[in-house]
Every structure is written in structure tokens, then in C-alpha cells.
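The structure appears below as C-alpha cells.
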Amino acid sequence: MSQAMGTQAVHAGEDKRKPFGALTTPVYQTSTYTFEDTADVLAFMERKAERKAAREAGSDLLVRDEYGRYSNPTQLVVERKLAALEGGERAVLFASGMNAITTTLLALLSGGDHVIVVADCYRRTREFAEKFLPRWGIETTLVPVDDLAALAAAVRPKTRLIFTETPTNPYLRIADLARIAEFARPRGIITAVDSTFATPVNMQPLALGIDLVIHSATKYLGGHNDVLAGAVIGSHRLLSKIEDTRGILGGVGSPHDAYLLLRGLKTLDLRVRRQNENGMRVAQFLEQHPAIARVYYPGLPSHPDYETAQRLMTGFGGVVSFEVAGDKETTSRFVDRLQLPYIGPTLGGVEGIVQQQALFVSLDPAERAASGVKDTLVRYALGIEDAEDIIADLAQALAAVENRV
Ligand SMILES: Cc1ncc(COP(=O)(O)O)c(C=O)c1O
0 MSQAMGTQAV
10 HAGEDKRKPF
20 GALTTPVYQT
30 STYTFEDTAD
40 VLAFMERKAE
50 RKAAREAGSD
60 LLVRDEYGRY
70 SNPTQLVVER
80 KLAALEGGER
90 AVLFASGMNA
100 ITTTLLALLS
110 GGDHVIVVAD
120 CYRRTREFAE
130 KFLPRWGIET
140 TLVPVDDLAA
150 LAAAVRPKTR
160 LIFTETPTNP
170 YLRIADLARI
180 AEFARPRGII
190 TAVDSTFATP
200 VNMQPLALGI
210 DLVIHSATKY
220 LGGHNDVLAG
230 AVIGSHRLLS
240 KIEDTRGILG
250 GVGSPHDAYL
260 LLRGLKTLDL
270 RVRRQNENGM
280 RVAQFLEQHP
290 AIARVYYPGL
300 PSHPDYETAQ
310 RLMTGFGGVV
320 SFEVAGDKET
330 TSRFVDRLQL
340 PYIGPTLGGV
350 EGIVQQQALF
360 VSLDPAERAA
370 SGVKDTLVRY
380 ALGIEDAEDI
390 IADLAQALAA
400 VENRV
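Numbering (numbering that gives the first Met the number 0), first residue to last: 0 to 404.
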């Protein structure tokens, strides 16, 4: 029976009967797992070999591991839940989003390969592709997120992977995942999307034909600003390579982090729906406000990717970016006047977080200009507070700025 997202978020991946009749999935706070005797060791090794063969053939076999760097039971439950939410065969969990991205790229690329990366992806992803991958003889071409012609032109005989991100930060651009998948599949090129801003509630990249979905689970999936984690979801075949590489590079999170993520995921559907609602209401409010020069929100007809977003997404998320009319100082005054959100760099949690983006780029005006981020750009990552309160807070901060008080 196929279940709705809200039901899956609560139940998917979890055994109904847990040890001692516990309702919640336990945290096994252990770094290693032991054996009864030699026969037990040998039986385990046989099952593990069967599992490896099954995964390579495209199916799964649940077998415990012998050491905490390979897996832990709480983490396995989170992985099963994430696979269900994204409609994938399998998920692999990591200690951070960056760890998920770097391990995936290192697992699937070899010296001599070429990778295409969207230019406005998360800055650290771009840095890894541009500065680190060449050390292993892997070349990267950056292409604009919305330019299929540039993407087609960038393909070489050795292009192995296209890495995109949607929506992007901070302008919330939407890559046309359906067309990218349609282009890449017949050419045997693997496609991966960082879907952190979208979440499985708003977009289902695997159903659009993308091979791998990646998340910084630190954001919406965890949802409470209390855990760092990352995840990759896709087929058994690709994930088996990625999981093997995680075992070598060592990027597994702790059992307690897996528990926090599991707990956060239960309310994912509720939280993201509320954040979608808040996003739309705040975007509409800001767009008609005279003290705001421009709003970037893919749910607004004024956004350059509005049509693509309508086609690929069912909700437009909780992040709204906008330019304040005025200069850098006006914008700082506005941010400082806000009473509800915290000032900081992340997104996706229950608390609203705001940032004057340019200040986090560099203190040097030339470097800021080169980054393309205007000094007046604000990113508001909405939490689950009441929209009326968020808007009232924005209204008072904008009034104060307009009246120069
Ligand atoms: C879109 C996106 N991808 C990846 C990351 C990296 O995730 P993490 O901070 O969990 O390593 C971030 C943020 O930090 C992000 O915003």
C-alpha cells in the first residue's frame, strides 16, 4: 500500500516491534559489535558476502555490521525512512551534507573523468569540484543552472556525472531536472541533485529520472538546528559503491545523531508544509512593500524559474531572498531591527534565521562584488512561527528603516 508523505515520515523504515516493546527506535551507543564464538564470526562473514553480491545485483539484504564506522542500527532505520521518502531503493547516511557530497563524488569518479557542476551550487561543493577534484585528475566544467544548451555543450566523451542543485542559494533558481535526466540517461551520464532546499515533500527528483538525491540533512530533514548530517538516496547499485567508500573515508555520523535525525524526520511533512505557507505569505508581503527592491521566490510569477517550479515542485519552500531598497547600511539596520529571527548562516529548522548574505561572503567589497551577491540581499530562512507574527515583525523593521529611526 503506498502511503502519503506524512504517514511515511512517521512510520517508514521502523520495525513495529522494537526491543522491550519500546515505541521509539533505540540508540545503540556502541562503537563495535561482538560475536558469540568463531562459528558466529564465520556465519556473519558469509552473510556479509551475500549482502555485497545482492547489492551489486540491485537488491538488498539486511545484515548487521561488525563495526560502527560501517553502520549502526539507528542509522539503518533512518536510511530506510529516507529511501522511502525519496522513493529510492536505498539511502546512505553521513556525518554532514558536505561529507555526503564529497564521498559520492570520490566514489563515482576516477582520474581522467569529467564532471559538470552547476555554477551556483553551494560554495563548498563548487570549491571541492574546482580545487580538490583536479588533484586526482578529474576535470570540472561549471554551467549555469538554467542553461541546457551550455550543459549539452560542456559534455565530453569522459563526462561521467552531472551535479546540480535545486533550488539554489540564494536566488532559489530551479534546474529543470526532468530535462537534465532526459539528456543524461541515454548518454550513460550519472545525474545527482543536491535537493536540500526542496526536501522530498516539495520535489521528488528520482521520479523525475535523476539517479542520486543528496541532502544536507542538517537543514530541513533534521529540522531543529541540533544535528549535522547528510544523506544520499538512489539505486542499490550506485549506493553500494558510495557506502563502501564511506567505510574507507569514515564519514559516518554517531548513533545519537541518527536518533536526532529520526526524531526530526517524523514531523518533516508538517514542518515543510508550514514553511511553504510561510514562504509564500512572506514573499507576497515583501513583493508589494515599497521598501523592498526585489523578491526572489520560485512560487511568485516574478521569479525567472516560476514555470519550471510549477512543473517540478509541489511547494516552494521556506527560504525567501530579497533586496532591500537602499544600501548596505540600510540593509544591516533592517536586519538588526528584526526581533523574531536569529541572525546566522543555516536554514530549515523550526526557528527563523536571517542573514545579510554579503556579510558572510567577505569583508572585502571587491570580493563581495565578484561573488555576485549584492550588499542589499537578505536571505530569510523561515521557521514554523506563525506567519502573522513573522509579517508583523518584518513590517515594523521595514517601517523603522523607511523612517530612518
Ligand atoms: C545546499 C547545501 N548543500 C550542502 C550543504 C552542506 O551541508 P552540511 O553543512 O550539512 O555539511 C549546505 C549547507 O551547509 C547547503 O546549503
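Virtual Cβ for every residue (Gly too), placed ideally from N, Cα, C.
For residue 340 and residue 351, what's the separation of their Cα atoms in angstroms?
For residue 340 and residue 351, the distance between alpha carbons rounds to 5 Å.
For residue 365, count neighbouring Cβ atoms within 10 angstroms of its own Cβ and tell me buried if that reaches 16, exposed if not.
Classification of residue 365: exposed, given that the 10 Å Cβ count is below 16.
Using DSSP with H/G/I as helix, E/B as strand and the rest coil, what is residue 134?
Helix, per DSSP.
Under 8 Å, with one C-beta from each stretch per pair, do the stretch 318 to 338 and the stretch 293 to 306 reach the 3-pair mark?
Between the stretch 318 to 338 and the stretch 293 to 306 there are three or more inter-stretch CB-CB distances shorter than 8 Å, so the stretches are counted as touching.
Does the beta-carbon of residue 42 have 16 or more other beta-carbons within 10 angstroms, so that it is buried, or is it exposed?
The residue is exposed, with fewer than 16 neighbouring Cβ atoms inside 10 Å.
Residue 390 and residue 212 closer than 8 Å at C-beta
In this structure, the beta-carbon distance from residue 390 to residue 212 does not fall below 8 Å.
Taking the alpha-carbon positions, what's the residue 39 to residue 66 distance?
It is roughly 15 Å from the alpha-carbon of residue 39 to the alpha-carbon of residue 66.
What's the gap between the Cα of residue 370 and the Cα of residue 144?
Going from the Cα of residue 370 to the Cα of residue 144 covers about 16 Å.
Any idea which residues DSSP pairs residue 193 with across the strands?
164 and 213.
Give a yes or no on whether the C-beta atoms belonging to residue 354 and residue 347 are separated by under 8 Å.
Contact flag unset, no.
Does the beta carbon of residue 201 fall short of 7 Å from some heavy atom of ligand 1?
No; taking the cut-off as 7 Å, the Cβ of residue 201 has no heavy atom of ligand 1 nearer than that.
Taking just the CA atoms, how far does residue 257 sit from residue 72?
When only Cα atoms are considered, residue 72 and residue 257 end up about 9 Å apart.
Mapping the DSSP letters down to three states, classify residue 390 as helix, strand or coil.
Three-state DSSP puts residue 390 in a helix.
Under 7 Å from any heavy atom of ligand 1, does the C-beta of residue 195 make it?
Indeed, a heavy atom of ligand 1 lies less than 7 Å from the Cβ.
Ligand 1 heavy atom lying under 7 Å from the CB of residue 170
Flag unset: Cβ of residue 170 not near ligand 1.
Hey, would you say the C-beta of residue 198 is under 7 Å away from at least one heavy atom of ligand 1?
No, the Cβ of residue 198 stays beyond 7 Å of every heavy atom of ligand 1.
Any non-hydrogen atom of ligand 1 within 7 Å of residue 260 CB:
Result no, Cβ not under 7 Å from ligand 1.
Cβ of residue 259 within 8 Å of Cβ of residue 221?
Yes.
Taking 8 Å as the threshold (C-beta atoms), are residue 184 and residue 208 in contact?
Taking 8 Å as the Cβ cut-off, residue 208 and residue 184 qualify as a contacting pair.
Quick check: does the Cβ of residue 229 come within less than 7 Å of any heavy atom belonging to ligand 1?
Relative to ligand 1, the nearest heavy atom lies less than 7 Å away from the CB of residue 229.
Provide the residue span of the alpha helix (DSSP H) that contains residue 84, from first to last.
In this chain, the alpha helix (DSSP H) harbouring residue 84 covers 72 to 85.
Measure from the alpha carbon of residue 110 to the alpha carbon of each residue in 50, 69, 304 and 159, then state which is nearest.
Checked all of 50, 69, 304 and 159; the closest Cα to residue 110 is 159.
Near residue 406, what residues of its chain come up, given a Cβ to Cβ distance below 8 Å and the 5 sequence neighbours on each side ignored?
Not covered by the structure: residue 406. The range shown for the chain is 0 to 404.
Near residue 53, which residues of its chain fall below 7 Å by C-beta distance, leaving aside the five closest residues on each side in sequence?
Cβ contact annotation for residue 53 (same chain, cutoff 7 Å, sequence separation greater than five): 59 and 60, in chain order.
Mind reading off the beta-carbon distance from residue 205 to residue 314? Whole number of angstroms is fine, and I expect it under 8 Å.
No, residue 205 and residue 314 are not in contact; Cβ-Cβ is about 17 Å, not under 8 Å.
Which two residues bound the contiguous alpha helix (DSSP H) that contains residue 356?
It spans 356 to 360 - the alpha helix (DSSP H) in which residue 356 sits, taken as one unbroken run.
Every unbroken alpha helix (DSSP H) within the stretch 311 to 349, with a cutoff of 4 residues, ordered by chain
With a minimum length of 4 residues, the continuous alpha helix (DSSP H) runs that stay inside the stretch 311 to 349 are 327 to 336.
In terms of DSSP beta bridges, what is residue 231 paired with?
Looking at the DSSP output, residue 231 shares a beta bridge with 91 and 213.
Round the Cβ separation of residue 311 and residue 176 to the nearest angstrom and send it over; I've been treating them as touching at under 8 Å.
With 8 Å as the limit, residue 311 and residue 176 qualify as a contact, their Cβ atoms being about 6 Å apart.
Looking at residue 94: is its Cβ nearer than 8 Å to the Cβ of residue 250?
Contact flag set, yes.
May I ask you to check if the CB of residue 95 is nearer than 7 Å to at least one heavy atom of ligand 1?
Answer for residue 95: yes, Cβ within range of ligand 1.
With hydrogens ignored, establish whether the beta-carbon of residue 341 is closer than 7 Å to any heavy atom of ligand 1.
At a cut-off of 7 Å, the beta-carbon of residue 341 does not count as near ligand 1: no heavy atom of the ligand is closer than that.
For residue 188, which three-state DSSP category applies?
For residue 188, the secondary structure class from DSSP, reduced to helix, strand or coil, is coil.
Classify residue 338 as buried or exposed, calling it buried when 16 or more other Cβ atoms lie within 10 Å of its own Cβ.
Exposed, because fewer than 16 other Cβ atoms sit within 10 Å of the Cβ of residue 338.
Should residue 385 be labelled buried (16 or more other beta-carbon atoms within 10 Å of its own) or exposed?
Counting Cβ neighbours within 10 Å, residue 385 comes out exposed, since fewer than 16 surround it.
Note the first and the last residue of the continuous beta strand (DSSP E) segment covering residue 113.
Taken as a continuous stretch (DSSP letters only), the beta strand (DSSP E) holding residue 113 covers 113 to 117.
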